[in-house]
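Written out below as structure tokens is the structure these notes cover.
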Amino acid sequence: MKLFENNGHTYSVTPDGGELFFDHSINQRSGHLGHAMVEYKPGKILDFFPNCSGQGWNGHNGNGWMEFRRSEDAGKTWSEPEPFPYSKTLYDLNLGITSMCEKTVITNSGKVIIFNVICDLIDNNGCGWEPFGIPTYVSTLDGGKSWSSAKRVGTRRGRIYDACYKDGTIYVLMVQGASANKGFHCEYHLFCSVDDGETFEERSALPFISHFDANCFYGALVWLKDGRLAAYAYYDQDDEFNIPYTISCDNGKTWEMPKKTYFAKRIRNMQIASLNGTYFCAGRSGSHGTKEEQQHNIVYCSKDGINWDEGYYLKMSSGGVGAYSNFLLVKGAEKPYLLYQASWAYEGSKTNIYHWYFTED
């Protein structure tokens, strides 16, 4: 499907409806949260996805562990799944605590760092992901053959929603707070590492205003063409059309007062990436509109990362919750492309994992 034209360049996404990457329906399992992906060497990819219970919130839960598949041909073929050791070990301890790896970066040294949300399932009867623990990270220097011990990002409970790497610095966007549900106060903070992921320090608090009567979910970081850093937030589920963003001109030390930008078909749990100067924002088409509007997998296109087109549906909802997702720019392919991965409901809210490929024609 052709999506967008930008300065004479045309961008498309294939295939229609997505390509099945992992089939949870065989075992009535599910895979919502946690879709970290990384190209650790040119054409060599680690692709993470959850393996969770089909019970509890009808499959919409974090009661399980992470697995990954490996590609050595830029995503053309994939290995059989392997458990992610940190996540599987934590699950096997049977403490009522699980971990899902949401984001990853690779540094100039070749170190791959995986950021994990820590989920306390005891208070939720094995459902959901909350309350959150203190986020952790682990690293590998050999493409996932061995892993470091875990370290914490910060000292407060919360959830990491995005991470990126630029000019020797790792940037991590975290919402601090034990829960994202109404009645809890959540704050957006930027943490950074300048020592190749050995330590992280808080660089700034973002000027997003969170209210006790509003849910605080999700966020995204994106570098604009002029070198400024933009951060998006989602903290008002009653308005999924107008999404707040703020911009930093000094690498996240200070931020402008937030503004809002319009998404014509709503957006929730947004993921943002760029390919050759064109920006893509994908996620769920909201959760609080009419039945005809919500829960679809949607993508928007932009020339500047701030102003978005009318949006295109990638996959239509069958009634269950899905579209937890992530982007990866695959540079080592014959022609660089964006790999987009998303969960999608096959029965109730039990989900399979799908891929789409964004290319410049």
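Using the working numbering, the final residue of the sequence shown is 370, and nothing's skipped along the way.
Don't be surprised by glycine CBs; every beta carbon is placed ideally from N, CA and C.
Please read all numbers here as calculations on a predicted model, not as lab measurements.
- [ ] Starting from Ser257, trace the beta strand (DSSP E) both ways and give me its first and last residue.
- [x] Your numbering for residue 257 matches position 248 in the sequence shown. Ser257 -> beta strand (DSSP E) spans 251-257.
Open item on the list: At the 8 Å Cβ level, is Phe226 part of the contact set with chain D, yes or no?
Closed with: Of the chains in the structure shown, none is chain D; there is only one protein chain.
Task: Boundaries of the beta strand (DSSP E) in which Thr98 is found, first to last residue - done: To locate residue 98, count along the sequence shown from 1; it is residue 89. Where Thr98 is concerned, there is no enclosing beta strand (DSSP E), although the alpha helix (DSSP H) it sits in stretches over 94-101.
Open item on the list: Just to confirm the assignment, what range does the beta strand (DSSP E) spanning Pro24 have?
Closed with: By 1-based counting over the sequence shown, the position of residue 24 is 15. Membership of Pro24 in the beta strand (DSSP E) is indicated by the continuous run 18-31.
Open item on the list: The beta strand (DSSP E) that contains Ser369, what's its start and end?
Closed with: Residue mapping note: residue 369 aligns to position 360 of the sequence shown, counting from 1. The sequence given here places Glu at residue 369; Ser does not occur at that position. Note, Glu369: beta strand (DSSP E), 359-369.
TODO: Use the C-beta contact count for Asn16: other C-beta atoms within 10 angstroms, 16 or more gives buried, fewer gives exposed.
DONE: Counting from 1 along the sequence shown, the entry for residue 16 is found at position 7. Exposed, since its Cβ has fewer than 16 Cβ neighbours within 10 Å.
TODO: Kindly give me the distance between the Cβ atoms of Ile393 and Gly206, rounded to whole angstroms, as I take these residues to be in contact under 8 Å.
DONE: Here the chain covers residues 10 to 370 and nothing more, so residue 393 does not appear.
- [ ] Look up Tyr242 in the DSSP assignment and give the residues it is bridged to.
- [x] Here residue 242 refers to the residue found at position 233 when the sequence shown is read from its first residue. Reading off the sequence, residue 242 comes out as Ala, not Tyr. Partner residues in the beta bridge of Ala242, as assigned by DSSP, are Gly228.
Open item on the list: Can you tell me whether Asn316 is helix, strand or coil according to DSSP?
Closed with: As a first step, residue 316 must be located in the sequence shown, where it is residue number 307. Coil.
TODO: With a 10 Å radius around its C-beta and 16 neighbouring C-beta atoms as the bar for buried, classify Glu343 as buried or exposed.
DONE: Translated into the one-based positions of the sequence shown, residue 343 becomes position 334. So Glu343 ends up on the exposed side.
- [ ] Determine the extent of the beta strand (DSSP E) in which Gly167 is found, giving its start and end residues.
- [x] As a first step, residue 167 must be located in the sequence shown, where it is residue number 158. Start and end: 167-175.
TODO: May I ask you to list the residues that DSSP assigns as paired with Glu48?
DONE: Indexing the sequence shown from 1 puts residue 48 at position 39. Residue pairing by DSSP puts Glu48 in a beta bridge opposite Ile54.
Task: Coil, strand or helix - Trp353 by DSSP - done: As a first step, residue 353 must be located in the sequence shown, where it is residue number 344. Note: Trp353 maps to strand in three-state DSSP.
- [ ] Can you check DSSP and say which residues form a bridge with Asp129?
- [x] The residue labelled residue 129 in the question sits at position 120 within the sequence shown. Paired residue(s): Ile106.
TODO: Tell me, to the nearest whole angstrom, how far the beta carbon of Thr270 is from that of Tyr244; I am working on the premise that it is less than 8 Å.
DONE: Locating residue 270 in the sequence shown gives position 261, where the first residue counts as 1. Locating residue 244 in the sequence shown gives position 235, where the first residue counts as 1. Under the criterion of beta carbons closer than 8 Å, Thr270 and Tyr244 do not qualify as touching, at roughly 15 Å.
Task: Coil, strand or helix - Ser148 by DSSP - done: Counting from one through the sequence shown, the residue named residue 148 turns up at place 139. Look at Ser148 here: in three-state DSSP terms it is strand.
TODO: Verify whether the separation of the beta carbon atoms of Tyr346 and Leu12 is less than 8 Å.
DONE: Within the sequence shown, residue 346 is the residue found at index 337, counting from 1. Within the sequence shown, residue 12 is the residue found at index 3, counting from 1. By the CB criterion at 8 Å, Tyr346 and Leu12 fall outside the cutoff.
Open item on the list: Let me check understanding here. Comparing Cα to Cα, which of Thr107, Met266, Gly236, Tyr309 lies closest to Thr287?
Closed with: The residue given as residue 287 occupies position 278 in the sequence shown. Cα-wise, what sits closest to Thr287 is Tyr309.
Task: Run of the beta strand (DSSP E) containing Leu323, from where it starts to where it stops - done: Position 314 of the sequence shown, counted from the start, is the residue given in the question as residue 323. Run containing Leu323: 321-324, per the beta strand (DSSP E) assignment.
Open item on the list: Using the three-state DSSP reduction, which class does Ile276 fall into: helix, strand or coil?
Closed with: Position 267 of the sequence shown, counted from the start, is the residue given in the question as residue 276. Residue state, collapsed to three classes: coil.
Open item on the list: With the cut-off set at 8 Å, would you say Val330 and Ile54 are in Cβ contact?
Closed with: Residue 330 sits at position 321 when you count from the first residue of the sequence shown. Residue 54 sits at position 45 when you count from the first residue of the sequence shown. The Cβ atoms of Val330 and Ile54 lie no closer than 8 Å to each other.
Open item on the list: With a threshold of 7 Å on Cβ separation, who are the neighbours of Asp82 within its own chain once the five nearest residues in sequence on each side are excluded?
Closed with: Taking the first residue of the sequence shown as position 1, residue 82 is located at position 73. Around Asp82: Gly52.
Open item on the list: Since Gly177 and Leu150 should fall inside the 8 Å C-beta cutoff, what is the C-beta to C-beta distance between them, to a whole number of angstroms?
Closed with: Position 168 of the sequence shown, counting from 1, holds the residue named residue 177. Position 141 of the sequence shown, counting from 1, holds the residue named residue 150. For Gly177 against Leu150, the beta-carbon gap comes to about 17 Å, at or over 8 Å, which does not count as contact.
Open item on the list: Could you pull the DSSP bridge partners for Tyr288 from this structure?
Closed with: By 1-based counting over the sequence shown, the position of residue 288 is 279. Under DSSP, Tyr288 takes part in a beta bridge, and its partners are Ser283, Ser311.
Task: Residue range of the unbroken beta strand (DSSP E) whose run includes Tyr333 - done: As a first step, residue 333 must be located in the sequence shown, where it is residue number 324. Where Tyr333 is concerned, there is no enclosing beta strand (DSSP E), given that its DSSP letter is neither H nor E.
- [ ] Report the three-state DSSP secondary structure of Ser34 (helix, strand or coil).
- [x] Translated into the one-based positions of the sequence shown, residue 34 becomes position 25. For Ser34, the three-state secondary structure derived from DSSP is helix.
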